[in-house]
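For the sequence shown, this note's numbering assigns the number 3 to the initial residue and increments by one for each residue that follows.
Below is one structure, written out as structure tokens, with a few remarks after it.
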Amino acid sequence: MRLQNIVLFTTTLLAILNPISSSVLFAAMAGKFTPEIQRRMANQSAFAVLCILLVCAWAGRFLLQILGISVPMLQAAGGLILLITGLRMVLLEESKLTPAERVSVPDEPEAHWKALAVVPVAIPGTVGAGTITTVVVQATTYSGWRELLLITAIGLGTALLMWLTFRSSGLIARRLGPIGL
Numbered sequence: 003m004r005l006q007n008i009v010l011f012t013t014t015l016l017a018i019l020n021p022i023s024s025s026v027l028f029a030a031m032a033g034k035f036t037p038e039i040q041r042r043m044a045n046q047s048a049f050a051v052l053c054i055l056l057v058c059a060w061a062g063r064f065l066l067q068i069l070g071i072s073v074p075m076l077q078a079a080g081g082l083i084l085l086i087t088g089l090r091m092v093l094l095e096e097s098k099l100t101p102a103e104r105v106s107v108p109d110e111p112e113a114h115w116k117a118l119a120v121v122p123v124a125i126p127g128t129v130g131a132g133t134i135t136t137v138v139v140q141a142t143t144y145s146g147w148r149e150l151l152l153i154t155a156i157g158l159g160t161a162l163l164m165w166l167t168f169r170s171s172g173l174i175a176r177r178l179g180p181i182g183l
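Have a look at this one:
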């Protein structure tokens, strides 16, 4: 894998994951909890992001073969999903959160933070169809274990960045303010 491909994959992954947007979602979901629960929720969410990225990288190629899906078919479907998501973000300004993301915290929020850390924060809030498609497509192009390990390392680095973003979400939300959020 050439340096240009590594940089392109990394920047594409970061652009689709959008750490700032993910931190806003995390702040909205975790803001009702104590700081200790927020830290644990950040750990859980980042771990879920890491698991999803690694499963996509290591099993994506085989899953495509089993399902009989070609890479061009997956790229076309992923492109359409990104187009629809982008249009929804631009055209529907009243709320950027889906009904699943607008879920209210139950009466006993301390008992339900783990579920919120995975759904909607990790998936689909952070790692959605576009991210999964990008990682699977990249994983199908590797020619050896070295490239797969490189994709894994980029996934690890991305998950670490998301963990730092989730841990800093309170600070980011305060910096952005209500209008920025």
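We put the CB at the ideal spot given by N, CA and C, even for glycine.
Take the alpha-carbon of L76 and the one of L55: they are about 17 Å apart. Rounded to the nearest whole angstrom, the C-alpha separation of F35 and A117 is 13 Å. Counting along the chain, the unbroken alpha helix (DSSP H) around I54 starts and ends at P37 to L69.
Buried is the label assigned to V26, since at least 16 other Cβ atoms lie within 10 Å of its Cβ.
The stretch 144-152 makes no contact with the stretch 38-58; the number of CB pairs closer than 8 Å stays below 3. In the three-state reduction of the DSSP assignment, N7 falls in the helix class, which pools H, G and I. The criterion of a C-beta distance shorter than 8 Å is not satisfied by A48 and S171.
Between A119 and Q6, the beta carbon gap of about 35 Å keeps them out of contact (Cβ cut-off 8 Å).
Assigned with DSSP and collapsed to three states, K34 falls in coil, not helix or strand. Per DSSP, G127 lies in no alpha helix (DSSP H) and is assigned neither H nor E.
Apart from the 5 residues on each side of it in sequence, A141 sits with its Cβ closer than 8 Å to the Cβ of C58, A59, W60, G62, R63, L150 and I153 in its chain, given in chain order. Rounded to the nearest whole angstrom, the CA to CA distance from L82 to T14 is 16 Å. For S171, the enclosing alpha helix (DSSP H) has its first and last residue at S171 to G182. Per the C-alpha coordinates, the member of I22, I18 and F11 positioned closest to R169 is I22. Annotated three-state conformation of S72 is coil, per DSSP. Here G159 is exposed, its C-beta having fewer than 16 other C-beta atoms within 10 Å.
Taken through DSSP and simplified to helix, strand or coil, S24 comes out as helix.
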